[in-house]
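Counting along the sequence shown from 1, when you hit position 161 you're at 161 in the working numbering, and nothing is skipped either side. Some notes on the structure that comes next.
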Amino acid sequence: MRTNPTTSRPGVSTIEEKSTGRVDQIIGPVLDITFPLGKLPYIYNALVVQSRNNRVRVVPMSATDRLMGGMEVIDTGAPLTVPVGGATLGRNVLGEPVDNLGPVDSSATFPIRRSAPAFIELDKKLSIFETGIKVVDLLAPYRHGGKIGLFGGTAVGKTVLIMELNNNIAKAHGGVSVLGGVGERTHEGNDLYMEMKEFRVINEKILRNQR
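This is the structure we're talking about:
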């Protein structure tokens, strides 16, 4: 859910025609919203829904400090979408300009829930992904298209390894790194971002040129 509903698109009703509810209660980062009977939003419109008669439970995608009980809520009738393309590089998951680099100029958007690619479209060829980190490529090589986990105690070099991977992937492969935070450790993403800027792993001038 976003506090400002998106504009309508082809096949989606206008704001005036959409179902309207009101904030019933705010529990930290979770909202309970009451809608008229028979007009509950679809589960993927609200992202997370728990039916309670005519009440839905949503997880906001932005801060809730300015929300209050009784505020009007509009069902946009459309799934949650995010901007895509080069203009979103260096921005947050919603494509919002939180890096002081100006507004995001991206007209292309994709819904966050999409069908997985068909198996026949996947690359079944076995190959090693060269990270440029000799000890990794020699002792624990990464497979193209595979998954890898880094586990270790405090201050053993996990963040340094991630920064080096981000740097090498961008320089050697022209790739893009996406950082996703899960649960209470999400705040560490900000620390990692600031460290990468400090060590110039993230170059804002290059990001501007790539856009």
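Idealized CB from N, CA, C, for every residue including glycine. Quantities reported herein were computed from a predicted structural model and do not represent experimental measurements.
Query: Three or more C-beta pairs below 8 Å linking the region 20 to 35 and the region 62 to 79; Result: yes
Query: Whole-angstrom distance between Pro-117 and Pro-83, CA atom to CA atom; Result: 20 Å
Query: Assigned secondary structure, Thr-34 (DSSP; H/G/I helix, E/B strand, else coil); Result: strand
Query: Reduced DSSP category for Phe-110 - H, G, I as helix; E, B as strand; rest coil; Result: strand
Query: Buried versus exposed, by CB contacts within 10 Å (16 or more), Ile-43; Result: exposed
Query: Through-space distance from Thr-88 to Glu-96, alpha-carbon basis; Result: 8 Å
Query: Chain-order list of residues whose beta-carbon lies under 7 Å from that of Leu-161 (same chain, five-residue window excluded); Result: Leu-150
Query: Residue-level contact to chain B via CB, Gly-149, 7 Å cutoff; Result: No chain B appears in this structure, which consists of one protein chain only.
Query: Proximity to Val-93 [Cα-Cα], best of Ser-127, Glu-195, Gly-153, Leu-179; Result: Leu-179
Query: Nonlocal neighbours in the same chain, by C-beta distance under 7 Å from Thr-159, ignoring five residues either side; Result: Leu-192, Glu-195
Query: Residue(s) in a DSSP beta bridge with Val-73; Result: Gly-21
Query: Continuous alpha helix (DSSP H) stretch holding Asn-159: start and end; Result: Inspection of the sequence shows that residue 159 is occupied by Thr rather than by Asn. Start and end: 158 to 173.
Query: Beta strand (DSSP E) segment containing Val-58, residue limits; Result: 55 to 58
Query: Host alpha helix (DSSP H) of Val-82 (start-end); Result: Val-82 -> not in any alpha helix (DSSP H); beta strand (DSSP E) instead, spanning 81 to 83.
Query: Proximal residues to Lys-18 (C-beta, below 7 Å), its chain only, five neighbours per side dropped; Result: Ile-74, Asp-75, Thr-76, Gly-77
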